[in-house]
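Take 1321 as the starting number for the sequence shown in this note's numbering and just add one per residue. As structure tokens, the structure follows; a few thoughts come after it.
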Amino acid sequence: MEELAVKIEHLNYSFGSHEVLKEMSFNLEVNKIYGLLGRNGAGKTTLINLLVNQLIAREGSIQLFGEDPRKNPAILKKVCIAREAEFYAPYMKGKAILQLYSQFYEGYDKQLEQKLVAFFDIPVDIAYRKYSRGMKSLLFMIVALCSKAPLTILDEPTLGMDAPNREQFYKILLDEYVKEPRTFIISTHLINEIENLLEEVIIIDQGERLLQEEVESLKSKAIYLSGNKEELERLTALKMAKPKESFGKSATYAYIGELDELDQKLIQSTHIEISPMSIQQIFVELTKGKEYK
């Protein structure tokens, strides 16, 4: 059995009468990169806050590396969370913030920190409150990478960053992961930018776990079916497919699932075309709800 970085069982959480998380259960293995995906209000931030003891659930259990963080808060030294937030001491200089975090994490890589500060041209001698939004994000992404924490959580990691810095950050993240594997949880709305990093995705919707699956497995069965309407209507899969476009005698449907043998043969003998979905397209198809007409 694989060692688990995170084990969540039957987790429920409410704000007053509003249920935010409902019977949430999943496991995360060590040394994998996970995407935590959900629409605004789906419960992602609440879930992350529960993982790091910033909120306490009344029902369900959380284990980090086999330990309950509520009973053994010391296990949180193995966890680094990086997110955009107004730092609690905004008048501190960037270098003082980095020094503070370097003292908390035993494996903190000071040499990597210096390299990344220079590469991204972070103004560490000025107060954090004077940083742009992108610089604030970069500072805490540097903390996350240098922490070497066995569980590293990135919550909307690239807010405010320009496109070149986002691309460079993800390249560096992957390089560091290859050199020293650990468990990453990345929660972002910029799904297309992280798709090539992810090994597995967890999609949550309205407080419930909708799906957890390896990226390659999920993409292998998420497709668009395009062609003549009459030919498409002969497919068994069409009963579970969602219409995307219709023009004259042609149509396109979104389908997530396995194609049976008869459908595969029919597709081969007709002009029906198959095209793959990206992870972002899969996410949209699974969570979009009602459509404007």
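We put the CB at the ideal spot given by N, CA and C, even for glycine.
Between the Cα of residue i and those of the options, spot the shortest distance and give me the residue it belongs to.
i: GLU1433; options: GLY1414, SER1540, ARG1449 and ALA1542; result: GLY1414
i: LEU1558; options: GLY1527, LEU1474 and ILE1592; result: ILE1592
i: GLY1361; options: PRO1563, ILE1353, PHE1489 and HIS1338; result: HIS1338
i: SER1598; options: ASN1548, PRO1563, ASP1583 and GLU1536; result: GLU1536
i: LYS1327; options: GLU1387, THR1365 and GLU1550; result: GLU1387
i: HIS1330; options: ARG1378, GLY1358 and VAL1350; result: ARG1378
i: LYS1430; options: GLU1323, LEU1396 and LEU1465; result: LEU1465
i: MET1461; options: PRO1484, LYS1499, MET1412 and CYS1400; result: CYS1400
i: GLN1383; options: PHE1603, VAL1350 and LEU1582; result: VAL1350
i: LYS1585; options: LEU1552, ASP1495 and LYS1564; result: LEU1552
i: LYS1562; options: GLY1454, ILE1514 and THR1607; result: THR1607
i: ILE1353; options: ILE1514, GLU1528, GLN1588 and LEU1538; result: ILE1514
i: TYR1490; options: GLU1520, SER1595 and ASN1512; result: ASN1512
i: ARG1486; options: PHE1440, ASP1445 and PRO1501; result: PHE1440
i: GLY1363; options: VAL1437, GLN1526, GLU1323 and ARG1390; result: GLN1526
Could you please give the first and the last residue of the uninterrupted beta strand (DSSP E) stretch that includes residue i?
i: GLU1329; result: 1324–1335
Just list the residues that DSSP pairs residue i with in beta bridges.
i: TYR1354; result: ILE1505 and GLU1520
i: VAL1463; result: None, per the DSSP bridge assignment.
i: MET1455; result: None; MET1455 has no bridge partner.
For residue i and residue j, which I take to be in contact (beta-carbon distance under 8 Å), what is that distance rounded to the nearest angstrom?
i: ILE1476; j: THR1503; result: Note on identity: in this sequence residue 1476 is Glu, with Ile being the wrong assignment. The pair is not a contact, with the Cβ atoms about 18 Å apart (cut-off 8 Å).
i: TYR1448; j: ILE1473; result: That belief does not hold up - the Cβ atoms of TYR1448 and ILE1473 are roughly 20 Å apart, past 8 Å.
i: GLY1427; j: SER1452; result: Actually they do not touch by this definition, with Cβ atoms about 29 Å apart.
i: LEU1348; j: ALA1325; result: 5 Å
i: MET1344; j: LEU1371; result: The Cβ separation is near 11 Å, so there is no contact.
i: TYR1421; j: VAL1463; result: 5 Å
i: LEU1517; j: LEU1494; result: 6 Å
i: ALA1571; j: LYS1549; result: 5 Å
i: PHE1534; j: GLU1520; result: Before going further, note that residue 1534 is Glu rather than Phe in the sequence given. The Cβ separation is near 5 Å, so the contact holds.
Terminal residues of the continuous alpha helix (DSSP H) containing residue i?
i: LYS1430; result: 1430–1439
i: GLU1414; result: As written in the sequence, residue 1414 is Gly, which differs from the Glu given in the question. Element bounds for GLY1414: 1414–1424.
i: LEU1367; result: 1364–1371
Which residue spans inside the stretch 1468–1539 form an unbroken beta strand (DSSP E) run of at least 3? 1471–1475, 1503–1507, 1520–1525 and 1528–1534
What ranges does the alpha helix (DSSP H) occupy inside the stretch 1560–1598, keeping only unbroken runs of at least 4 residues that lie completely in it? 1581–1588
Taking only runs that begin and end inside the stretch 1370–1406, name each unbroken beta strand (DSSP E) of 3 or more residues, in chain order. Within the stretch 1370–1406, the complete beta strand (DSSP E) runs of at least 3 residues are 1379–1384 and 1399–1403.
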